[in-house]
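Written out below as structure tokens is the structure these notes cover.
Residue numbers (the working numbering): 11 to 315.
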């Protein structure tokens, strides 16, 4: 018996979710039907792909190598199918759009209405995750496109990265803490700089910009959101950097003062990223244009002192 594309799709889904039930739901089949196909696939391979655990399914060493190759086959099959159907450049299902947490709540309200207006036949499913998880999602096909604030890595799937716009960093302090005007990063006391917890690319960018010495993971304060950090800043318990796109939401408290950074400053470039082999590249390029235009037409984020 030959290995079928269906079996590979099911196996890839189990590997992605780590659970037979969730994989069956994602594939729109019953769990017994999916399990039967996986068992048949393992019988054909002559060894198990997954260890069945109480908490879910875990890839065996052989299974890991099999899934890596199966993902490539599934992706090529999808691309060929799209070409054969004379695809319009848009998926026949909701577009899976991932954004990092330090972008999603601030930029999405601006760009989502423009995207839905410019692509009326396209549906979106939105997810929020950290950069490394989004890159993994692009690799395993669980998301189609991602909006990130760092350069795409070179050691993963082959990606296209389209810069959208610069997002400079500003200094947030309590209202009485600094005089008006630009503040240099060198003037900040390192122990008073509040950071997001590990795994956030914005945390790493802040550490690099402020040249924080020692082991940043040893700090006693690490927040899961910028909103939490800002509340501490408002109470005079530290200072932090904020991306400019976050100011309209995070810096409206009168107890907060926003200061531009003196030269050389700091910032990031927001980019839209997708797999090079996607059949939807034309649509993604149009999305880049819509986001850039929407951003240019939007009112300034917030005045700074």
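Ideal Cβ placement from N, Cα and C applies to all residues, glycine included.
Checklist entry - What residues in its chain sit with their C-beta under 7 Å from that of residue 272, if we drop five residues either side in the sequence? => result 192, 193 and 194
Item to check | Proximal residues to residue 83 (C-beta, below 8 Å), its chain only, five neighbours per side dropped | outcome: 15 and 18, listed in sequence order.
Checklist entry - Under the DSSP definition of a beta bridge, which residues are partnered with residue 138? => result In the DSSP output, where bridge partners are listed per residue, residue 138 has 109.
Next on the checklist: Give me the residue from 283, 265 and 21 with the minimum Cα distance to residue 161.
Outcome noted: Closest by alpha carbon: 283.
Checklist entry - Any contact of the stretch 252-260 with the stretch 165-182, i.e. 3+ C-beta pairs under 8 Å? => result As far as the Cβ criterion goes, the stretch 252-260 touches the stretch 165-182, which means the pair count is three or higher.
Next on the checklist: If the criterion is Cβ atoms closer than 8 Å, does the pair residue 110 and residue 135 meet it?
Outcome noted: no
Checklist entry - Thinking C-alpha only, which one of 156, 78, 120 and 287 is nearest residue 90? => result 287
Item to check | residue 30 versus residue 79: straight-line alpha-carbon distance, rounded | outcome: 20 Å
Next on the checklist: Tell me which residue opens and which closes the beta strand (DSSP E) that residue 182 is part of.
Outcome noted: 169-184
Checklist entry - According to the neighbour-count rule (16 or more other Cβ atoms, all chains shown, within 10 Å of its Cβ), is residue 297 buried or exposed? => result buried
Checklist entry - Taking residue 106 as the reference, which of 133, 249 and 47 has the closest Cα? => result 133
Item to check | Straight-line gap, residue 103 to residue 217 (C-alpha atoms, nearest Å) | outcome: 40 Å
Checklist entry - Leaving out five residues before and five after residue 301 in sequence, what residues of the same chain have Cβ atoms less than 6 Å from its Cβ? => result 121 and 174
Next on the checklist: Helix, strand or coil for residue 249? Go by DSSP, reduced to three states.
Outcome noted: strand
Item to check | Unbroken alpha helix (DSSP H) run spanning residue 301, endpoints | outcome: Segment 291-307, the alpha helix (DSSP H) holding residue 301.
Checklist entry - Under a three-way DSSP split, which group does residue 96 fall into? => result Note that residue 96 scores 46 on pLDDT, short of 50, meaning its location in the model is unreliable and no value can be drawn from it.
Next on the checklist: Am I right that residue 60 and residue 24 are in contact with their C-beta atoms under 8 Å? What's the rounded C-beta distance?
Outcome noted: 6 Å
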